[in-house]
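I have placed the structure first, in the form of structure tokens, so that the comments after it can refer back to it.
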Ligand code: HEM
Ligand code: FES
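Protein chains in written order, with my numbering: chain E, 8 to 467; chain W, 516 to 813.
Below you can see the structure in the form of structure tokens.
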């Protein structure tokens, strides 16, 4: 430590007694595996998002009042447009650095969501969600939901033509709730679409409410992680159930994280130079009753958009309520996907009569149900996401849009269950060939790891 | 497993407890000959130079790629410097920590202040009152929007209102050529999305369920432009098969047959506007839509 730091530390230590707790923190052990960095990438993109977002807040005007554009984009000089779109256009064209920061902000939003989804996949596939980490897993699902909501809110703020269309569809989704839909929609959107309240409200949620909850939840997520310690991959000669092995926070993990933070921010900046994401000038402001082709949300909403496109025409008028396609597609189905995600840890524990605590990660093929569930869910989400491109696909390939849509309908119904079934059979067979069943305690799983199956007595 | 190797620093502190002590499993010290000080110094200094380039270029309002690339390089070079700095200066340590096992918690008694065993129902009343107070905080939610009432069942259309284009100019039947389509609004409510209209002159013969009384000139009809699926504007018209097409989720409606849905997720026809012509020859509404406009609700 340089003398200045040492002096500062001594002064603080004099008052706070930091030496012992400080050493405990510095000696916290982090298992080493690349997949453990996905959560960190999500965290670092969140930091980039907050930093760039603060700058954007200083220029953005949350209003849809019409104003006359006087900035330097020749396409729009002298035309009337919503103040929100005008402020975005003006900062992008006339505030030095703001376009770069806008692009970094958008790029970071994509990375945040992508890293969160991949992080969740690692948790799900390797079994890091098992007892005692169920609560942290559920906090993670809350974070994923908030991240999607935050992404959608941000996408809406420029009030360009895509944003307006997205808000219109979100409004229709809220309307579709049986009994309370119209009431709920009028509360959230301030009246019948389009109202002047939408953008100010979305702004408050995007910059204050949702980020506040995300930061609070992430803090809790990390607190739980420190309290419960990481899981780890199995290693020969190490009882992972009792011991956690890895590199200490100081210096190895600190070096790794600091480097990763710099890589994340640096690559996002580089990407922002070359990829013009978030350049809304060519999209134009939202004008009611106008929409172009290729009206699409951000990629993380594709699966919802795809289901909206695939679902056949249906609308049931029951006494006192209506159940409509958008309700099934936009509320019931995502509800089922998230419900399954929430319930999965409990289902797995019950189905296989698992007992005790689990700290050592597994190959998902060792648990047939998990392998089947993961491939079923994610193949469905991927097919539904692909279905959100049916119009572009049809234009590119010349396949009629009706045929393309039917293709996606059939694929989304049959491919996920078939894949799930095949993978279930395969993993079960794989276990049976080695004369094994799913291990029901960590000690059992560990003993298999430490003495290879070939040396074990087959269970008959 | 080797024992702790860190010698305690010469401090007047008691020996550290195992919880804070690093249990080192293996330690590899990099030989000084492998240290690359030039790399660390070079990348760190280059990083600082690029940081200055970034700041100056931004102040001078240079083009985005100049300061953008400078900023990116400053961060990436610093990442390289930090990585190498730590690799060269610190031993590569692998350590272990015992896990906390919840089923092996210590059962040391905790000194609590115990209440005198009396009237437990008072506790419940207090908690209940707190909960009621909390729930009452939800009341201001109802100020967030007007009551829907009939708003979603009606639009701005009324008997006698002229049909105008986006600039507010009234439309005559002749303004719509065969196979042509126009976006139209009620006079005085241009831009009122729920009232938006597509007016088209069909090239074929309109058939039921089109209401033929509302067809002007035998071929001009007006439908709500709000898709009955999720409310996007039904923006495209294909004359070949008189198909109105919604670009959002590809619902297709047959304009010749009362705009009934023929493909896609929309389940209801686009409502037809009772359309007529006034004494001056302009298109007018004969009343509001007779069925609900836009997507289904509750
Ligand atoms: C906003 C998004 C999120 C952030 C910033 C975040 C951050 C982190 C970080 C930094 C770690 C430690 C490093 C690692 O294991 O990768 C972690 C661990 C963990 N996360 Fe997340 N996370 C997020 C979302 C999620 C989601 C969606 C889930 C699952 C549904 C989840 C479940 C977990 C669990 C169970 C652990 C403990 C893993 C272990 O001990 O191996 N997190 N999270
Ligand atoms: S809004 Fe028209 S098809 Fe969905």
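The beta carbon of each residue, even a glycine, is placed where N, CA and C say it ideally should be.
Contact set for residue i: own chain, Cβ-Cβ below 6 Å, skip 5 residues either direction
i: residue 252 (chain E); result: 245
i: residue 412 (chain E); result: 397
i: residue 783 (chain W); result: 743
i: residue 740 (chain W); result: 711, 712, 713, 748, 749
i: residue 526 (chain W); result: Interpretation of residue 526 (chain W) is limited by its pLDDT of 43, a score under 50 that renders its predicted location unreliable; the figure taken from the coordinates is listed afterwards. So no residue of the chain qualifies.
i: residue 268 (chain E); result: 51
i: residue 532 (chain W); result: Caution applies to residue 532 (chain W), whose pLDDT of 49 falls short of 50 and renders its modelled position unreliable; the value that the coordinates give is listed next. Excluding sequence neighbours, residue 532 (chain W) sits near nothing in its chain.
Beta carbon of residue i nearer than 7 Å to that of residue j
i: residue 320 (chain E); j: residue 776 (chain W); result: yes
i: residue 811 (chain W); j: residue 172 (chain E); result: no
i: residue 169 (chain E); j: residue 213 (chain E); result: no
i: residue 201 (chain E); j: residue 708 (chain W); result: yes
i: residue 579 (chain W); j: residue 276 (chain E); result: no
i: residue 162 (chain E); j: residue 91 (chain E); result: no
i: residue 334 (chain E); j: residue 183 (chain E); result: yes
i: residue 33 (chain E); j: residue 257 (chain E); result: yes
i: residue 118 (chain E); j: residue 158 (chain E); result: no
i: residue 391 (chain E); j: residue 310 (chain E); result: yes
i: residue 670 (chain W); j: residue 803 (chain W); result: yes
i: residue 89 (chain E); j: residue 292 (chain E); result: yes
i: residue 773 (chain W); j: residue 175 (chain E); result: no
i: residue 178 (chain E); j: residue 192 (chain E); result: yes
i: residue 316 (chain E); j: residue 764 (chain W); result: yes
i: residue 70 (chain E); j: residue 100 (chain E); result: no
i: residue 297 (chain E); j: residue 304 (chain E); result: no
i: residue 126 (chain E); j: residue 49 (chain E); result: yes
i: residue 481 (chain W); j: residue 572 (chain W); result: Chain W is shown from 516 up to 813; residue 481 (chain W) falls before or after that span and cannot be answered.
i: residue 808 (chain W); j: residue 789 (chain W); result: no
i: residue 260 (chain E); j: residue 37 (chain E); result: yes
Cβ-based burial, residue i [other Cβ within 10 Å; buried from 16]
i: residue 75 (chain E); result: exposed
i: residue 457 (chain E); result: exposed
i: residue 130 (chain E); result: buried
i: residue 347 (chain E); result: exposed
i: residue 410 (chain E); result: exposed
i: residue 553 (chain W); result: exposed
i: residue 41 (chain E); result: exposed
i: residue 567 (chain W); result: exposed
i: residue 59 (chain E); result: buried
i: residue 637 (chain W); result: exposed
i: residue 732 (chain W); result: exposed
i: residue 20 (chain E); result: exposed
i: residue 645 (chain W); result: exposed
i: residue 626 (chain W); result: exposed
i: residue 12 (chain E); result: exposed
i: residue 663 (chain W); result: buried
i: residue 222 (chain E); result: exposed
i: residue 417 (chain E); result: exposed
i: residue 85 (chain E); result: exposed
Own chain partners of residue i with C-beta closer than 7 Å, once the 5 adjacent residues on each side are dropped
i: residue 730 (chain W); result: 721, 736
i: residue 139 (chain E); result: 235, 364
i: residue 149 (chain E); result: 224
i: residue 487 (chain E); result: Nothing can be reported for residue 487 (chain E), as the shown portion of chain E is limited to 8 through 467.
i: residue 600 (chain W); result: 555
i: residue 228 (chain E); result: 143, 146, 147, 150
i: residue 422 (chain E); result: 386, 390
Own chain residues within Cβ distance below 8 Å of residue i, not counting five before or after
i: residue 248 (chain E); result: 364, 366, 367, 449, 450, 453
i: residue 793 (chain W); result: 675, 677, 799
i: residue 98 (chain E); result: 63, 66, 67, 105, 106, 109
i: residue 692 (chain W); result: 716
i: residue 606 (chain W); result: 542, 543, 544, 545
*Using the beta-carbon of each residue, find all residues closer than 5 Å to any heavy atom of the ligand FES and list them in chain order.*
W:742, W:744, W:745, W:747, W:761, W:763, W:764, W:766
*Would you mind listing the beta strand (DSSP E) stretches within the region 722 to 766 of chain W that are 3+ residues and don't spill past its ends, in chain order?*
735 to 739, 751 to 753, 758 to 760
*Could you pull out every unbroken beta strand (DSSP E) segment of at least 3 residues lying fully inside the region 246 to 276 of chain E, listed in chain order?*
Runs found: 250 to 255.
*Curious, which full-length beta strand (DSSP E) runs of at least 3 residues does the region 642 to 729 of chain W contain?*
Runs of the beta strand (DSSP E) inside the region 642 to 729 of chain W: 696 to 701, 712 to 716.
_List, from N- to C-terminal side, the beta strand (DSSP E) runs of 3 residues or more that fit wholly inside the region 319 to 355 of chain E._
322 to 325, 328 to 331
*Which whole runs of the alpha helix (DSSP H) in the region 126 to 206 of chain E are 4 residues long or more, in chain order?*
If we require 4 residues or more, the alpha helix (DSSP H) runs fully inside the region 126 to 206 of chain E come out as 141 to 163, 168 to 182, 188 to 196.
*Can you check the region 61 to 120 of chain E for any beta strand (DSSP E) of at least 3 residues that lies completely inside it and give the ranges in chain order?*
73 to 75, 87 to 89
*asked:* Runs of 3 residues minimum, wholly inside the region 567 to 604 of chain W: which ones carry the beta strand (DSSP E) assignment?
replied: Scanning the region 567 to 604 of chain W for uninterrupted beta strand (DSSP E) segments of 3 residues or longer gives nothing; none is fully contained.
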